[in-house]
Amino acid sequence: MGTSYADLATVLARGISHCRMYFDGHPNVVAAARDFTALLPGLPARDGPVGFRLGVAGDKLIHDGRFLVGPSIVGSRLTRFAALLCCGGFEFDTRLEPAEVRAFFALAARTTEPCASLAEARRLLREAGIGRVGLLPVYNEAEASALDAADVAPGLGELVPVFRAMFDTVEQAHQNAQLDRALEMSEARTAGESLVRAAAGNITDIMALVHYPDFDSYTVGHSVRVAMLSVLTGRRAGMPDNALTELAAAALLHDVGKGKVPQEILFKPGKLDQEERRIVETHPAVGAAMLLETRDAGMLPVATAWGHHRRHDGGGYPKMPHGGWVSELTQLVHVCDVFEALTAVRPYKRALTPRDAWEIILKDRSAYSPLAITALRDAVGLFPPGSQVVLSSGHRAVVTAAGRLIDQPLVRVTHDATGSEIPAERQLVLDLADGDDQPTVQRLLVGT
Ligand SMILES: [Fe+2]
Ligand SMILES: [Fe+2]
Numbered sequence: 003m004g005t006s007y008a009d010l011a012t013v014l015a016r017g018i019s020h021c022r023m024y025f026d027g028h029p030n031v032v033a034a035a036r037d038f039t040a041l042l043p044g045l046p047a048r049d050g051p052v053g054f055r056l057g058v059a060g061d062k063l064i065h066d067g068r069f070l071v072g073p074s075i076v077g078s079r080l081t082r083f084a085a086l087l088c089c090g091g092f093e094f095d096t097r098l099e100p101a102e103v104r105a106f107f108a109l110a111a112r113t114t115e116p117c118a119s120l121a122e123a124r125r126l127l128r129e130a131g132i133g134r135v136g137l138l139p140v141y142n143e144a145e146a147s148a149l150d151a152a153d154v155a156p157g158l159g160e161l162v163p164v165f166r167a168m169f170d171t172v173e174q175a176h177q178n179a180q181l182d183r184a185l186e187m188s189e190a191r192t193a194g195e196s197l198v199r200a201a202a203g204n205i206t207d208i209m210a211l212v213h214y215p216d217f218d219s220y221t222v223g224h225s226v227r228v229a230m231l232s233v234l235t236g237r238r239a240g241m242p243d244n245a246l247t248e249l250a251a252a253a254l255l256h257d258v259g260k261g262k263v264p265q266e267i268l269f270k271p272g273k274l275d276q277e278e279r280r281i282v283e284t285h286p287a288v289g290a291a292m293l294l295e296t297r298d299a300g301m302l303p304v305a306t307a308w309g310h311h312r313r314h315d316g317g318g319y320p321k322m323p324h325g326g327w328v329s330e331l332t333q334l335v336h337v338c339d340v341f342e343a344l345t346a347v348r349p350y351k352r353a354l355t356p357r358d359a360w361e362i363i364l365k366d367r368s369a370y371s372p373l374a375i376t377a378l379r380d381a382v383g384l385f386p387p388g389s390q391v392v393l394s395s396g397h398r399a400v401v402t403a404a405g406r407l408i409d410q411p412l413v414r415v416t417h418d419a420t421g422s423e424i425p426a427e428r429q430l431v432l433d434l435a436d437g438d439d440q441p442t443v444q445r446l447l448v449g450t
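Per this note's numbering, the very first residue in the sequence shown carries number 3; after that it's consecutive.
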């Protein structure tokens, strides 16, 4: 399989993040450098002798005039580095060695002061022994506006900063936890607020963005997706915006205690032994204790971190000898947490369809609050907003909202029965629960 440019950009962003979080020789940093050099030869030869040319315009990562959405969400370290270097991107030679990529990560991780000019930035790279990474000049105004016009989809570009703020908040919080630094509650609230504002209009695009996977940082991606599902569910259940903001902030930080779980246990692909499981199961209490120490944390984030693995029937962890009450909002995050974990792609497992995830959840229904299950079902149904589906008429459509019936959502028809895309202004929105003459959903297109 060929290498995708998005994969390469994501690996670069990951390497820099790990270098900031750990240290230069850490196995995760070494692995990212090795992955990057291993992926380079798999590129089609379009970029010529230069292996990979990655443009940076503001907070966007670009390849060949196309905006790379997923990497732009996770790549703030890379775009900030480009800004400090006064450049408009990077070009990576196919002959790059892992050691040079590591030097690039290290320089990106420790550079905090802007260079005076592009020439000075080039000198900085040379002095750091990075001879096979070139710096591109910044985009001029005409090029930048052409890039804006060629945006992936109207509206999507505006959502990237929202996702990026959430991603950065979670990553920073987990890093602070790991290094015993204080948590910042205001950042989580600001990120939550922008999610709530964005979710008031553009749910389909928000949910579609969630399909951009970020395998490595999946604890971060997981928390972002849980926050998004919680807000979607809370909104559908009629919660007001200020309460949704608190819920989003709490969901973003629900797993912050995992920052203290050793990486080799957290990312272990196989089954955990008893002692490893015991360590993982400390994360709710550890996270709650950290949030208790955090200024302005408020009740909900503490309660959510502590109680999101407690079952409705009294089981789960942390163990409580005499049972214990867990609030409805925490139980809402609990069911969203499980639904996300089941439907997300992980390095060691394929994603389940929402139908399979529901089956698993309902088989163990005493674990969840009935109210929370109903609210999540009403919000996502069998075909969550943003999913692409094939209709019984042969048309392809994107789900815009859950419908009155669990398997009959509202959809926007995007492709005709021959597979041709329908122009945006002629795309019909159908309520599939609206009478017998409507088509039904035939299947879900997974991984779109
Ligand atoms: Fe957890
Ligand atoms: Fe979680």
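Every residue gets a Cβ at the ideal spot worked out from N, C-alpha and C, and that includes glycine.
Tell whether a beta-carbon distance below 8 Å holds between A11 and L41. no
Within a Cβ cutoff of 7 Å, which residues of the same chain sit near L334, ignoring the five residues on either side of it in sequence? In chain order, S232, T235, G236, A374 and A377 place their CB closer than 7 Å to the CB of L334, counting only its own chain and leaving out the 5 sequence neighbours on each side.
Closest to R79 by CA distance: which of L98, D66, R112 and V71 is it? R112
Between V198 and the rest of its own chain, which residues show a CB-CB distance below 7 Å, the 5 nearest in sequence each way excluded? V233, D243, L246, T247 and A250
Can you grab the Cα-Cα spacing for the pair R166 / D61, in whole Å? So the two alpha carbons sit approximately 9 Å from each other.
What beta strand (DSSP E) runs, 3 residues minimum, are completely inside the segment 278 to 308? When DSSP assignments are scanned along the segment 278 to 308, no uninterrupted stretch of beta strand (DSSP E) that is 3 or more residues long falls wholly within it.
I need the DSSP call for A353, collapsed to helix, strand or coil. coil
Going along the chain, which residues of its own chain have a beta-carbon closer than 6 Å to the beta-carbon of A253, five neighbours each way excluded? V228, A229, S232 and V335
Heavy atoms of ligand 2 versus C-beta positions, residues under 5 Å: D257 and D339
What residues match up with G91 in a beta bridge as DSSP calls it? G57 and L138
How is E423 classed by DSSP in three states: helix, strand or coil? strand
With a threshold of 7 Å, establish whether the CB of H314 neighbours any heavy atom of ligand 1. no
For P139, which residues of its own chain have a beta-carbon under 8 Å away from its beta-carbon, when the five flanking residues on both sides are left out? C89, G90 and L120
Can you say whether K1 is buried or exposed, counting buried as having 16 or more other CB atoms within 10 angstroms of its CB? A query on residue 1 cannot be resolved here, the shown segment of the chain reaching from 3 to 450 and no further.
Check: H310 C-beta below 7 Å from any heavy atom of ligand 1: yes
Reference V340; option with closest CA among L331, H310 and E330: H310
Buried or exposed: where does M301 fall if 16 or more other Cβ atoms within 10 Å of its Cβ makes it buried? Exposed, since its Cβ has fewer than 16 Cβ neighbours within 10 Å.
What do you get for Q410, buried or exposed, if any count of 16 or more other CB atoms within 10 angstroms of its CB means buried? Counting Cβ neighbours within 10 Å, Q410 comes out buried, since at least 16 surround it.
Going by beta carbon distance, what residues of the same chain come within less than 8 Å of V135, once the five residues before and after it are set aside? F92, E93, F94, D95, L98, E102, F106 and L127
Looking at H285 and ligand 1, is the gap between the Cβ and the nearest heavy atom below 7 Å? Because some heavy atom of ligand 1 lies under 7 Å away, the Cβ of H285 counts as near it: yes.
Quick check on Q444: buried or exposed, where buried means 16 or more other Cβ atoms within 10 Å of its Cβ? exposed
Checking the sheet assignment: what are the DSSP bridge partners for D433? L412
How would you label V431, buried or exposed, when you count the other beta carbons within 10 angstroms and need 16 or more for buried? exposed
Backbone CA spacing between A8 and R68 [nearest angstrom]: Their backbone Cα atoms lie some 11 Å apart in a straight line.
Look up L98 in the DSSP assignment and say whether it is helix, strand or coil. The three-state secondary structure of L98, taken from DSSP, is coil.
Looking at the structure shown, is H417 part of a helix, part of a strand, or coil, going by DSSP? strand
Which ranges does the beta strand (DSSP E) cover as unbroken runs of at least 3 residues, wholly within the segment 377 to 413, from first to last along the chain? 390 to 393 and 398 to 407
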